[in-house]
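Chains as they are written, first to last, in our numbering: chain F, 223 to 520; chain U, 216 to 504. Backbone N, C-alpha and C define an ideal beta-carbon position, used for all residues, glycine too.
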Amino acid sequence: MKELVVISGKGGTGKTSLVASLAALARDQVVLADCDVDAADLHLVLEPKINEATDFSGGSLAVIDAAKCIGCMKCQNICRFSAISLKGPANDFVRKTCRVDSIACEGCGVCLEVCPIGAVDMKPSINGQWFASETRFGPMVHAKLGIAEENSGKLVSLVRSKARELAESQKKELLLIDGSPGIGCPVIASVTGADLVLIVSEPTVSGLHDMERVAGLTRHFNVPTMVCVNKWDINASVSGQIEETVKKNSLFFAGRIRYDRTVTQAMIHRQAVVEFTRNGLARDIETVWKNIEHYLNR
Amino acid sequence: MKITIASGKGGTGKATIATNLAYVAAQSGKEVAYIDCDVEEPNGHLFLHPTLTSQKTISIPVPKVDEAKCIHCQRCAQVCRFSAIVCVGQTVLVNPQMCHGCGGCTLVCPSGAIEEENWPIGVVDSGVSGAIDFARGVLKIGVAISPPLIRAVKSVPASAEIVFVDAPPGTSCPVVETVRESDYVVLVTEPTPFGLNDLKLAVEMVKVLERPMGIIVNRADTGNEDVFDYCRERNIPVLGKIVDDRAVAEAYSRGELISRAIPKYAENFQIILKRIFDEALLAGKEIAL
């Protein structure tokens with residue numbers, strides 16, 4: 223089983239639309255994982271039937287018992303995340319007690335260490351949910367991070383490992399992962415140890431800039447990397463620069479995909495581009511897929 | 216006034232809108248700052264072409280263990296909830312990638328064997344672009360934790376009357392860190408199923424943070440009407456629309472500010488800016504009341 227992760231650095235270059243088409247082309251041989259847990263969209267095209275939903279807890283949160291707190295502020299003074307303030311209600315001892323801002327709290331538990339009267343408790347925080355589902359192309363694991371929650375990296379690792387288990391038990395050839403934009407913790411969690419990363423770039427100064435940074439990340443973690451250029455004809459000259467950069471950095475070039483508004487139409491019809499149309503755009507995507515297959519099977 | 220430009224979905228046009236709003240605001244004589252908090256992939260400089268005058272390295276405190284003083288009690292590894300410090304036999308291993316810099320291990324060490332050292336996670340650059348004060352954070356490649364860097368970029372002292380803050384995409388911790396102290400939040404979306412799905416997530420996040428907000432619809436003539444219906448139902452103001460124009464996409468691809476390259480867009484952004492001020496003032500009054 224091979225693991226292919228699709229990322230982009232810059233957001234909105236067409237990762238998810240391309241993943242849906244690759245899934246259609248690899249039909250029946252693929253398990254899908256949507257690791258963009260922060261703003262997951264793949265389900266909008268693949269319309270998964272959810273078989274199993276499970277709560278995810280990636281950490282804990284401090285809670286202060288307002289009945290016990292003596293307002294000494296030792297917790298507030300030691301907290302490095304400005305998560306504690308003297309905004310809690312009055313009790314038998316003091317007029318104001320300490321309270322935890324659950325959004326700022328990172329769950330380190332240092333407040334619990336310093337509290338002289340044991341008023342702090344650490345409670346597991348529910349950061350989201352993950353799902354095991356079935357789609358028309360194959361099984362899919364996906365997730366939903368709670369609103370304004372953290373621990374996205376841990377949720378990504380969980381989704382990835384559940385999808386890997388599925389792929390192995392069902393003897394599928396490919397684990398296809400839709401990643402998130404950026405180069406931070408969820409992206410690191412999705413690419414480390416993969417067989418191949420596909421960077422979906424676009425021919426704009428920002429697309430090029432962000433592709434170089436994310437290619438730096440895959441180099442840092444030693445993951446083989448291919449690059450394709452989406453909407454290449456928006457700026458043929460920057461497209462050329464991207465191909466030059468690919469060559470210069472000994473990456474592999476997966477192909478060019480033309481700019482075509484059919485992509486939006488396919489999305490509105492809840493279909494992958496290659497299901498929706500047989501035009502030149504679909505042929506471009508098929509070429510990219512052939513190049514990826516060629517690399518994975520060599 | 217701090218106006219943050221955010222979006223659930225990436226690539227909807229945050230940087231375009233933030234840089235153009237900063238540009239037209241400065242053109243109309245306001246004191247303006249632009250702050251790029253998308254530290255994983257900062258792009259504002261590609262359009263504002265600032266002259267950078269200073270650079271500051273941002274670090275987080277991570278533990279450094281003096282093996283000679285260590286009594287192998289393992290208290291540090293027990294207190295750390297992020298697996299950033301582990302004891303293997305007689306050795307203590309620190310993994311700065313996992314460390315949140317909470318200081319727990321240093322606090323509990325009974326033999327004073329742990330000191331903190333600075334571990335660089337990125338830089339904050341500052342400078343000027345014409346009349347606009349410019350700052351950006353750049354996360355070091357391979358570093359997972361960005362919120363401390365975002366906090367540092369946000370705290371660059373700005374004397375400007377209007378600060379435009381460019382947020383990262385998504386709705387998780389880096390975005391929350393960027394959005395939380397804004398006076399007004401502008402969410403950028405596109406009228407497609409992906410755009411609407413991610414807009415809903417972003418709206419919920421801004422509600423949790425209790426900030427006033429409005430929406431700009433980019434490539435407004437593509438896709439369908441669902442985004443507009445949603446804004447109407449939820450009573451969220453649509454601050455403006457930008458049409459899908461190949462000339463805009465091409466100017467953007469070359470790193471040009473569309474307000475400068477195509478004059479009719481300067482007018483479009485002026486109108487949007489006025490609408491933002493009106494809405495922000497209204498929201499400010501409601502909060503004051």
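> Who are the Cβ neighbours of U/Pro482 in its own chain at under 8 Å, not counting the five residues just before and after it?
Replying inline: Position 267 of the second sequence, counted from the first residue, corresponds to residue 482 of chain U. It is Glu, not Pro, that sits at residue 482 of chain U in the sequence shown. Here U/Glu482 has no same chain residue with a Cβ atom under 8 Å from its own Cβ, once five neighbours each way along the sequence are excluded.
> How would you list, in chain order, the residues of chain U whose beta-carbon sits under 7 Å from the beta-carbon of F/Cys407?
Replying inline: In the first sequence, residue 407 of chain F corresponds to position 185, counting from 1. For F/Cys407, the chain U residues whose C-beta falls within less than 7 Å of its own C-beta are Ala359, Ile360, listed in chain order.
>> Below 8 Å, how does it come out for the stretch 349-367 of chain U and the stretch 439-446 of chain F: are there three or more Cβ pairs, yes or no?
In response: yes
> How far does the alpha helix (DSSP H) with F/Ile292 in it reach, from first residue to last?
Replying inline: Translated into positions along the first sequence, residue 292 of chain F becomes position 70. Unbroken run through F/Ile292: none, as it is neither H nor E.
>> Can you list, in chain order, the residues of its chain with a C-beta nearer than 8 Å to that of F/Leu264? Leave out the 5 residues immediately preceding and following it.
In response: Locating residue 264 of chain F in the first sequence gives position 42, where the first residue counts as 1. For F/Leu264, same chain residues with a beta-carbon under 8 Å away, outside a window of 5 residues either side, are Thr238, Val241, Ala242, Leu254, Asp256, Asp258, Met362, His364, Asp400 in chain order.
>> What would DSSP say about F/Thr319, mapped onto helix, strand or coil?
In response: Along the first sequence, read from residue 1 onward, the residue named residue 319 of chain F stands at position 97. Strand at F/Thr319.
> Can you tell which of U/Val307, U/Gly499, U/Lys245 has its C-alpha closest to the C-alpha of U/Val286?
Replying inline: As a working note, residue 286 of chain U is residue 71 in the second sequence. The sequence as given places Ile at residue 286 of chain U; Val does not occur at that position. Checked all of U/Val307, U/Gly499, U/Lys245; the closest Cα to U/Ile286 is U/Val307.
> Apart from the five residues on each side of it in sequence, which residues of its chain come closer than 7 Å, Cβ to Cβ, to U/Ala328?
Replying inline: Counted from its first residue, the second sequence places residue 328 of chain U at position 113. These residues qualify, in order along the chain: Val280, Asp281, Lys284, Cys285.
>> Is U/Ile457 close to chain F? Criterion is C-beta to C-beta, closer than 7 Å.
In response: Walking along the second sequence from the start, residue 457 of chain U turns up at place 242. Judged by the 7 Å Cβ criterion, U/Ile457 is not in contact with chain F.
> With 16 as the cutoff for other CB atoms within 10 Å, does U/Thr268 come out buried or exposed?
Replying inline: The sequence position of residue 268 of chain U within the second sequence is 53, counting from 1. Answer is exposed; the Cβ neighbour count stays below 16.
>> Nearest by alpha-carbon distance to F/Lys318: which of F/Gly331, F/Cys294, F/Cys330 is it?
In response: Working through the first sequence from its first residue, we reach residue 318 of chain F at position 96. Per the Cα distances, F/Cys294.
>> Tell me the rounded alpha-carbon separation between U/Glu419 and U/Ile250.
In response: Walking along the second sequence from the start, residue 419 of chain U turns up at place 204. Walking along the second sequence from the start, residue 250 of chain U turns up at place 35. Cα to Cα, the separation comes out at about 24 Å.
>> Going by DSSP in three states, U/Asp251 sits in which element: helix, strand or coil?
In response: For the purposes of this step, residue 251 of chain U is taken as the residue at position 36 of the second sequence. Correct three-state label for U/Asp251: strand.
>> If distances are taken between C-alpha atoms only, which option among U/Gly226, U/Gly342, U/Val394, U/Ile218 comes closest to U/Glu405?
In response: Position 190 of the second sequence, counted from the start, is the residue given in the question as residue 405 of chain U. Minimum Cα distance to U/Glu405 is reached at U/Gly226.
> Looking only at C-alpha atoms, which of U/Ala233, U/Ala241, U/Ala221, U/Lys224 sits nearest to U/Ala375?
Replying inline: For the purposes of this step, residue 375 of chain U is taken as the residue at position 160 of the second sequence. Comparing Cα positions, the closest option is U/Ala241.
> Where DSSP assigns a beta bridge to F/Asp343, which residues make up the other side?
Replying inline: Here the question's residue 343 of chain F lines up with position 121 in the first sequence. As DSSP reads the structure, F/Asp343 sits in a beta bridge with F/Val285.
> the stretch 261-272 of chain F: which residues have C-beta closer than 7 Å to a C-beta of chain U, in chain order?
Replying inline: Ala261, Asp263, Leu266
>> Assuming the contact rule is C-beta atoms closer than 8 Å, U/Ser393 and U/Thr219 should be a hit. Round their C-beta distance to whole Å, please.
In response: In the second sequence, counting from the first residue as 1, residue 393 of chain U sits at position 178. In the second sequence, counting from the first residue as 1, residue 219 of chain U sits at position 4. For the sequence presented, residue 393 of chain U should be read as Thr rather than Ser. Contact between U/Thr393 and U/Thr219 holds: their C-beta atoms lie close to 6 Å from each other, under 8 Å.
> Rounded to a whole number of angstroms, what is the C-alpha to C-alpha distance between F/Glu225 and F/Gly415?
Replying inline: Here residue 225 of chain F is taken as the residue at index 3 of the first sequence, counted from 1. Here residue 415 of chain F is taken as the residue at index 193 of the first sequence, counted from 1. Those two C-alpha atoms are separated by around 9 Å.
> Looking at the structure shown, is F/Asn519 part of a helix, part of a strand, or coil, going by DSSP?
Replying inline: Residue numbering aside, residue 519 of chain F sits at position 297 when the first sequence is read from its first letter. Helix, per DSSP.
>> Counting only Cβ pairs nearer than 8 Å, list the residues of chain F close to U/Met420.
In response: The residue you call residue 420 of chain U lines up with position 205 of the second sequence. Those are Ile369, Ala370, listed as they occur along chain F.
> Under 7 Å between C-beta atoms, does U/Arg296 make it to chain F?
Replying inline: Counting from 1 along the second sequence, the entry for residue 296 of chain U is found at position 81. For U/Arg296, the nearest beta carbon of chain F is closer than 7 Å to its own beta carbon.
>> At a CB distance below 7 Å, what residues from the stretch 452-477 of chain F approach chain U? Give them in sequence order.
In response: Ile456, Asn457, Val460
>> Going by the DSSP bridge assignment, what does U/Glu332 pair with across the sheet?
In response: One-based indexing of the second sequence puts residue 332 of chain U at position 117. Looking at the DSSP assignment, U/Glu332 forms a beta bridge with U/Val277.
>> Here's the rule I'm using: 16 or more other beta-carbon atoms within 10 Å means buried, otherwise exposed. How should U/Asp436 be labelled?
In response: Position 221 of the second sequence holds residue 436 of chain U. The residue is exposed, with fewer than 16 neighbouring Cβ atoms inside 10 Å.
> Given that U/Val323 touches chain F, what residues does it touch there, using C-beta distances under 8 Å?
Replying inline: Within the second sequence, the letter at position 108 stands for residue 323 of chain U. In chain order: Glu335.
> Is any beta-carbon of chain U found at less than 7 Å from that of F/Cys330?
Replying inline: As a first step, residue 330 of chain F must be located in the first sequence, where it is residue number 108. Yes, because at least one Cβ of chain U sits closer than 7 Å to the Cβ of F/Cys330.
> Do three or more CB pairs link the stretch 421-434 of chain U to the stretch 455-469 of chain U at distances below 8 Å?
Replying inline: yes
> Going along the chain, which residues of the stretch 401-428 of chain F sit with their C-beta nearer than 9 Å to a C-beta in chain U?
Replying inline: Under the 9 Å Cβ criterion, the stretch 401-428 of chain F contributes Ser402, Pro403, Gly404, Ile405, Gly406, Cys407, Pro408, Val409, Ile410, Ala411, Glu424, Pro425, Thr426, Val427, Ser428.
>> Check whether chain F comes within 7 Å of U/His315, counting only Cβ atoms and requiring the distance to be less than that.
In response: If you number the second sequence from 1, residue 315 of chain U lands on position 100. So, interface residue.
>> Out of F/Glu371, F/Trp352, F/Phe475, which one is the CA nearest neighbour of F/Glu274?
In response: Walking along the first sequence from the start, residue 274 of chain F turns up at place 52. Comparing Cα-Cα distances from F/Glu274 to each of F/Glu371, F/Trp352, F/Phe475, the minimum goes to F/Trp352.
>> Contact between the stretch 412-428 of chain U and the stretch 384-402 of chain U is defined here as three or more beta-carbon pairs at a separation below 8 Å; is this criterion met?
In response: yes
>> For U/Asn333, would you say it is in contact with chain F, using Cβ-to-Cβ distances shorter than 7 Å as the test?
In response: Mapped onto the second sequence, residue 333 of chain U falls at position 118. U/Asn333 does not count as touching chain F.
> Do the stretch 320-327 of chain U and the stretch 243-262 of chain U touch if we need at least three Cβ pairs shorter than 8 Å?
Replying inline: no
> If you run the structure through DSSP and keep just helix, strand and coil, what is F/Leu473?
Replying inline: Position 251 of the first sequence, counted from the first residue, corresponds to residue 473 of chain F. In this structure, F/Leu473 counts as coil in the three-state DSSP scheme.
> By a C-beta neighbour count over all protein chains shown, 10 Å radius and 16 as the cutoff for buried, is F/Glu387 buried or exposed?
Replying inline: Indexing the first sequence from 1 puts residue 387 of chain F at position 165. Under the 10 Å beta carbon count, F/Glu387 is surrounded by fewer than 16 other beta carbons and is classified as exposed.
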